[in-house]
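Data first, discussion second: the structure below is written as structure tokens.
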Amino acid sequence: MRKHQHRYDVAEMGEALGVSRSGYYRWIEARPSVRREQDEAIKPVIEQVVRRACGPYGYRPVHQHLREQGVDCGRDRTLRLMHELELVGRSHARFKPMGTDSEHLFGYHPNLLKQLGKPEHRDQIWVADTTYLRTDESWCYLATVMDLCTRRIVGWSVSDRNDTALVCTALENAVQTRGEVRAGIVHHSDRGSTYAADRYQRLLAKLKMHPSMSAKGNCYDNAAMESFFGRYKTAAVRDHVFANEAQVRANVFNYIEVFYNRFRKHASLGYLSPMQAEAKILPPMGGNAQPDCLTRN
């Protein structure tokens with residue numbers, strides 16, 4: 001009847017088939033619409049994407065994952081379905097800067113980021129920072145190194161001591177990830193004693209990197225790194241209780257190496273993951289094209 005209702009009278013078809021007019025329209029109203037059927041087919045795909053995320057995941061990156069899988073679903077529809085599934089991610093807490101031990105006897109370096117602008121290739125600017133994580137035993141510290149162009153965490157290290165060895169290991173791991181790095185990478189950090197220490201500065205000199213440091217009292221110079229820590233703690237730490245350092249290390253590995261670098265979409269990267277961005281950019285390793293501020297005599 002529904003197929004032929006535009007050609008024949010509904011009452012006449014109902015009389016011929018023994019179906020009342022009111023009964024037919026009740027059936028029409030009760031039948032799920034095509035769009036609703038599509039919604040129900042899309043929902044498991046959304047759930048699968050969010051399951052792979054380490055905690056809350058925004059509707060925009062979820063929408064990009066759907067596009068990559070060939071699922072026809074707009075942003076607004078993605079948001080609506082995530083609301084229905086109660087999967088809308090809560091926003092991460094705004095970064096509250098913690099003071100660094102910048103009152104030390106080591107030297108400082110000028111902030112080069114304002115002069116450099118946005119990097120166009122990987123391995124032009126690396127940013128480094130450290131955060132702390134609570135365990136049942138004590139505190140643990142996570143040091144990371146991020147490629148500012150692709151937002152990839154290229155090196156990280158976890159320890160129960162916030163010392164120079166921790167940050168040196170993170171930087172050495174970053175170099176190992178790349179296999180080799182060319183001279184000229186700008187390395188930016190805060191003015192803390194671990195980064196200003198002679199051992200760390202000697203390592204930067206050995207790698208022929210240009211040291212750069214945030215201005216005193218301005219943690220926001222390193223906004224990309226702070227944003228990473230904020231999202232990490234919201235997604236993977238906020239509701240988690242770590243028993244010891246081993247659990248912290250496993251949690252960090254899963255978030256960085258399994259989720260963040262390979263899976264998490266970034267608006268600043270055109271909704272690509274860091275690894276996808278690197279594959280697309282395919283730059284040379286090292287900051288070979290030096291800005292004027294680094295080449296002036």
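With UniProt numbering, the residue at position 214 of the sequence shown is 214, and numbering never jumps. Glycine included, every Cβ here is placed at the ideal spot set by N, Cα and C.
If you measure between the beta carbons of V186 and T130, is that distance less than 8 angstroms?
Cβ distance not < 8 angstroms, so V186 and T130 don't count as in contact.
Between the region 200-219 and the region 240-248, can you find at least three pairs of beta-carbon atoms closer than 8 angstroms?
The region 240-248 and the region 200-219 do not touch, with fewer than 3 CB-CB distances between them shorter than 8 angstroms.
With a threshold of 6 angstroms on Cβ separation, who are the neighbours of L66 within its own chain once the five nearest residues in sequence on each side are excluded?
Closer than 6 angstroms at the Cβ level, and outside the excluded window around L66, lie C73.
Can the beta-carbon of N173 be found closer than 8 angstroms to that of S157?
In this structure, N173 sits near S157, with a CB-CB distance shorter than 8 angstroms.
Looking at the structure shown, is Y59 part of a helix, part of a strand, or coil, going by DSSP?
In this structure, DSSP gives Y59 a helical state, which the three-state scheme calls helix.
Reducing DSSP to helix, strand and coil, say where F263 ends up.
F263: coil per DSSP, three-state reduction.
At what residue ranges does the region 139-196 contain a whole run of the alpha helix (DSSP H), taking only runs of 4 or more?
Qualifying alpha helix (DSSP H) stretches, in chain order: 164-178 and 193-196.
Going by Cα to Cα distance, which pick from S22, Q176, D39 and L87 is closest to V49?
In terms of Cα proximity to V49, the closest of S22, Q176, D39 and L87 is L87.
So A196 and Y108 are in contact, right, with Cβ under 8 angstroms, and what is the actual spacing, rounded?
About 7 angstroms separates the beta carbons of A196 and Y108, which is inside the 8 angstroms limit, making them a contact pair.
Straight-line Cα distance separating H210 from G184
The alpha-carbon atoms of G184 and H210 are separated by roughly 6 angstroms.
Quick one, are the C-beta atoms of L81 and D39 less than 8 angstroms apart?
Cβ distance < 8 angstroms, so L81 and D39 count as in contact.
Hey, would you say T78 sits closer than 8 angstroms to Y59, going by beta carbons?
Contact: yes.
CB of N261 within 8 angstroms of CB of I153, strictly:
The answer is yes: Cβ separation under 8 angstroms.
Going by C-alpha distance, which of G70, F253 and R182 is nearest H121?
Closest option to H121, judged by alpha-carbon separation, among G70, F253 and R182: R182.
Take every Cβ of the region 132-148, pair it with every Cβ of the region 242-254, and state whether three or more of those distances are shorter than 8 angstroms.
Three or more beta-carbon pairs drawn from the region 132-148 and the region 242-254 are found closer than 8 angstroms, and the two stretches are therefore classed as touching.
Looking only at its chain, what residues have a beta carbon closer than 8 angstroms to the beta carbon of S268, apart from the 5 residues adjacent to it on each side?
When the five nearest sequence neighbours on each side are left out, the beta carbons in the same chain lying within less than 8 angstroms of the beta carbon of S268 are those of R151, in order along the chain.
By alpha-carbon positions, which one of V258, S273, I256 and E257 ends up nearest to R264?
Looking at the Cα atoms, S273 is the closest of the given residues.
Assigned secondary structure, R249 (DSSP; H/G/I helix, E/B strand, else coil):
Reduced to three states, the DSSP call for R249 is helix.
Residues bridged to I46 [DSSP beta-bridge criterion]
None, per the DSSP bridge assignment.
Specify, as a first and last residue, the run of the alpha helix (DSSP H) that residue 301 falls within.
The requested residue 301 does not occur in the structure, where the chain is confined to residues 1 to 297.
So, using beta-carbon positions, are G117 and A236 closer together than 8 angstroms?
Not in contact: G117 and A236 (Cβ atoms no closer than 8 angstroms).
How is the beta strand (DSSP E) around H83 delimited, first residue to last?
Not the beta strand (DSSP E): H83 falls in the alpha helix (DSSP H), residues R75 to E84.
Just curious, the alpha helix (DSSP H) that P274 is in, first and last residue?
Where P274 is concerned, the enclosing alpha helix (DSSP H) stretches over P274 to I281.
Whole-Å CB distance - P110 paired with S227, under 8 angstroms assumed:
Contact flag wrong, Cβ pair sits at about 23 angstroms.
Excluding the five sequence neighbours on either side, which residues of its own chain have a C-beta within less than 7 angstroms of the C-beta of I256, listed in chain order?
Cβ neighbours of I256 beyond the five flanking positions: I153 and W156.
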